[in-house]
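Position one of the sequence shown corresponds to residue -14 (this note's numbering), numbered consecutively onward.
Please read the structure below before turning to the comments.
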Amino acid sequence: MKILRSLLVLGVALASVLRAEIKLPAIIGDHMVLQQKQANPIWGWDAPGTQVTVTFAGQSHTATAGSEGKWVVKLAAVPANAAPQKITIAGTNRVEIQDVLVGEVWMCSGQSNMGFTLNSDWNGDIEAAASNLPNLRLIKVPQVGTQELKTDFKGQWRASTPETARSFSAVGFLYGRYIHEIVGVPVGLIDNAWGGSAAEAWIRRTTIDNEPRFKTLMDATAKREADLQSEKGKADFAAAQAKWKENAEKAKAEKKPVPAAPQQYLTGNARPGNIFAGVVNPTLGYGMKGVVWYQGESNAGRAYEHAELFPFLIEQWRKEWGQGDFSFYWVQLADFQAEKPQPGESTWAELRETQTKTQKLLNTGQAVIIDLGEGKDIHPRNKHDVAARLVRWALVKDYGMKLPYRSPEFKGLAIEGAKATVTLDCFGSKLRAFDVAEARGFAVCGEDKVWHWATGKVIAPDKVEVTSDQVAAPIAVRYAWADNPVCNLFSDDGLPVTPFRTDNFDMITKPKVAMAAK
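Laid out in structure tokens, this is it:
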């Protein structure tokens, strides 16, 4: 029996060795683009203990597969190269990665406005026709929501053609095409956007769990998870579903949604850590220049929290990648929803403010698009102008060009009697009211904190005089402070003034518990 058992073990081990072969993640494959001028990790799996040698562009690196089979090498930095090259990997077997280019790699992340495809853009048909660019490479990461750290995904690098570009992120594609054609190097784009996603879903679960600033969020998350997975939670869902079906016609007429199954949240795009584990982790460490981001709509109701959460996300991604403070540029929320007849509070305005303040981090910047939205559609179809404003940041900050790139921002306020004079930092440009002479979109308040529309007048290249016949002694000024503001102030280069407020009144999204504690 002992001999038989030994033979069986030997047979299983031999079969395992015979089956062993190099396995590579989808992010590392034919037609990939390596980031120029920096070390690039290449990784995969082989039989534990196997020596794996990676050869590329005259260099060779060896690593040993660990106990779980993973190996990692780092290719030394090389300059951009549009000539197709080959990566050879030798271990248990030999694998060749064909048609490898070297250039600039950008990740395109966020919600549905980043995922919004090129064929849905107003000029998508024309843009797609102009997308036959063999040295612009695209890869999409499927939407997988899980708490289990995934190491791979189903996808592949493909050259840009009218067929492949149509279904790719419009903002991402147009951004990347600008860099490809202006900088003159190959470009690789990674599309991993997920519509409706919450910022906390993009962060590693253990990291956000252990951050004291987000204890309230994570306590609520843990309770929700426990409730949904309990017998009572399952029973409550079954009862709600049965009731909805019983009154389906009425529910449909009243536009009541079908009750959400517990799995919808547990495997969805709002649960903290889900997108990081299922979407980000499989690409973690891949060499890249930076990230372009378009997200925030799902966190607007929690803008106060987002002021800490968004910079935390950026900081954590940089730590996770281990490639330093790579560039991270985002699109500020567009104008959306009904225009309000009176000035007042706005969750979307508060979210925009948190985005503006996140520019305190190194190598960050935002594209202001307060003029490009559609009140009745959360997905404005003009993505060309969005990408054009976003890419200005990269062209100036990453590629050394001299271009207008930053929207004017609030700098200072002086009040004399009924007049409030706002000074803006125009970053080398000057102010211009669009369409009419009056600078519209301003509101002021007095000590009563009641907001009234005000008249704005550009009185200097960087100054606007603001007055209201309803406020004799203003104490604060706001500009474009609404979900969908009517505003018309731009730089002379065509970049809209960044929405702002001069007050520090409590945010309406500030949790009441936190307010009481203060």
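Just so you know, even glycine gets a beta-carbon here, dropped at the ideal spot from N, CA and C.
Tell me which residues share the same chain as residue i and place their Cβ nearer than 7 Å to its Cβ, disregarding the 5 neighbours each side in the sequence.
i, result
"G329", "W436"
"G14", "I82, Q141 and W142"
"G157", "C93, M99, L174, D176 and V277"
"F222", "P244, A246 and P247"
"T339", "A288, H291, A292 and F295"
Going along the chain, which residues of its own chain have a beta-carbon closer than 6 Å to the beta-carbon of residue i, five neighbours each way excluded?
i, result
"A301", "With the sequence shown as reference, residue 301 is identified as Gln, and Ala is not the correct amino acid for it. Excluding positions up to five away in sequence, the list reads I188 and T192."
"L134", "A262 and N266"
"E394", "D410 and T483"
"G180", "Q96, S97 and G100"
"G528", "Limits of the chain in this structure are -14 at one end and 503 at the other, which puts residue 528 out of reach."
"W315", "W278 and Q351"
"Y384", "V168"
"S453", "V429, H437 and A439"
"V58", "I27, V39, H46 and A48"
"T487", "L398, A461 and V462"
"P496", "none"
"M203", "D194"
If I'm right that residue i touches residue j with Cβ under 8 Å, what's the distance once you round it to whole angstroms?
i, j, result
"F427", "V456", "The Cβ separation is near 11 Å, so there is no contact."
"N120", "P171", "4 Å"
"A319", "P389", "Not really, about 20 Å apart at Cβ, beyond 8 Å."
"L174", "W91", "6 Å"
"K342", "A403", "Contact flag wrong, Cβ pair sits at about 30 Å."
"I72", "V39", "7 Å"
"F153", "L86", "Not quite, the Cβ-Cβ distance comes to about 17 Å (not below 8 Å), so this is no contact."
"I504", "L60", "Here the chain has residues from -14 to 503 only, and residue 504 is not among them."
"L398", "V462", "6 Å"
"V429", "N473", "At roughly 17 Å, the Cβ-Cβ gap does not stay under 8 Å, so V429 and N473 are not in contact."
"A113", "P147", "5 Å"
"D477", "K415", "5 Å"
"G307", "N25", "With a Cβ gap of about 12 Å, G307 and N25 do not count as contacting."
"D310", "N284", "About 23 Å; that fails the 8 Å criterion."
"S105", "A150", "Going by Cβ atoms, the distance from S105 to A150 rounds to 12 Å, so no, they are not a contact pair."
"T77", "A11", "Not quite, the Cβ-Cβ distance comes to about 20 Å (not below 8 Å), so this is no contact."
Exposed or buried, residue i, counting other C-beta atoms within 10 Å across all chains shown (16 or more means buried)?
i, result
"N259", "buried"
"A506", "Since the first and last residues shown for the chain are -14 and 503, residue 506 lies out of range."
"N98", "buried"
"R79", "exposed"
"W107", "exposed"
"A227", "exposed"
"E166", "exposed"
"Q36", "exposed"
"M386", "exposed"
"D433", "exposed"
"V2", "At V2, the pLDDT of 46 sits below 50, so the modelled position is not reliable; the number obtained from the coordinates is stated separately. Answer is exposed; the Cβ neighbour count stays below 16."
"F475", "buried"
"A502", "With a pLDDT of 40 at A502, under the threshold of 50, the predicted position of this residue should be treated as unreliable, though the coordinate-derived value follows. Looking at its Cβ environment, which holds fewer than 16 other Cβ atoms inside 10 Å, A502 is exposed."
"P197", "exposed"
"G43", "exposed"
"G447", "According to the sequence displayed, residue 447 carries Asp and not Gly. Burial call: buried."
"E185", "buried"
"D362", "exposed"
"E282", "buried"
"F138", "buried"
"T268", "buried"
"G109", "buried"
"I111", "exposed"
"E89", "buried"
"A405", "buried"
"G257", "In the sequence as presented, Gly is not what sits at residue 257; that position holds Pro. So P257 ends up on the buried side."
Tell me which same chain residues have a C-beta within less than 8 Å of the C-beta of residue i, skipping the five on either side of it?
i, result
"Q214", "P247 and L251"
"S45", "T38 and V39"
"G413", "P389"
"V(-3)", "With a pLDDT of 40 at V(-3), under the threshold of 50, the modelled position of this residue cannot be trusted, and the question is left open."
Every unbroken beta strand (DSSP E) inside the region 119 to 194 [3 residues or more]
You should have 143 to 145 and 172 to 176.
Exercise. Between the region 460 to 468 and the region 333 to 340, do at least 3 Cβ pairs fall closer than 8 Å?
Worked result: With the rule of 3 Cβ pairs closer than 8 Å, the region 460 to 468 counts as touching the region 333 to 340.
For the region 235 to 245 and the region 152 to 167, state whether three or more C-beta atom pairs, one from each stretch, are separated by less than 8 Å.
When Cβ pairs closer than 8 Å are counted between the two stretches, the region 235 to 245 is seen not to touch the region 152 to 167, the count staying below three.
**Message:** Please give me, in chain order, every unbroken run of the alpha helix (DSSP H) with length at least 4 that falls completely inside the region 71 to 124.
**Reply:** Complete alpha helix (DSSP H) runs here, min 4: 97 to 100 and 109 to 114.
Exercise for the section: Run through the region 361 to 447 for me and flag every whole alpha helix (DSSP H) of 4 or more residues, listed as ranges in chain order. Expected result: Counting only runs of at least 4 residues, the region 361 to 447 fully encloses the following alpha helix (DSSP H) elements, listed from N- to C-terminal order: 368 to 382.
Would you mind listing the alpha helix (DSSP H) stretches within the region 208 to 260 that are 4+ residues and don't spill past its ends, in chain order?
Taken in chain order, the complete alpha helix (DSSP H) segments of 4 residues or longer contained in the region 208 to 260 are 216 to 231, 233 to 238 and 247 to 251.
Check whether the region 430 to 446 and the region 364 to 384 touch, using three or more Cβ-Cβ pairs below 8 Å as the test. Under the 8 Å Cβ criterion, the region 430 to 446 does not count as touching the region 364 to 384, having fewer than three qualifying pairs.
| request: Report yes or no: do three or more beta-carbon pairs, one from the region 350 to 358 and one from the region 487 to 497, lie closer than 8 Å? | output: By the criterion of at least three beta-carbon pairs nearer than 8 Å, the region 350 to 358 is not in contact with the region 487 to 497.
*Curious, which full-length alpha helix (DSSP H) runs of at least 4 residues does the region 265 to 338 contain?*
Correct list: 288 to 306.
Scan the region 440 to 494 and note each continuous beta strand (DSSP E) run of 3 residues or more that stays entirely inside, going in chain order. As far as the region 440 to 494 is concerned, its whole beta strand (DSSP E) runs of at least 3 residues are 440 to 445, 448 to 452, 461 to 464 and 474 to 476.
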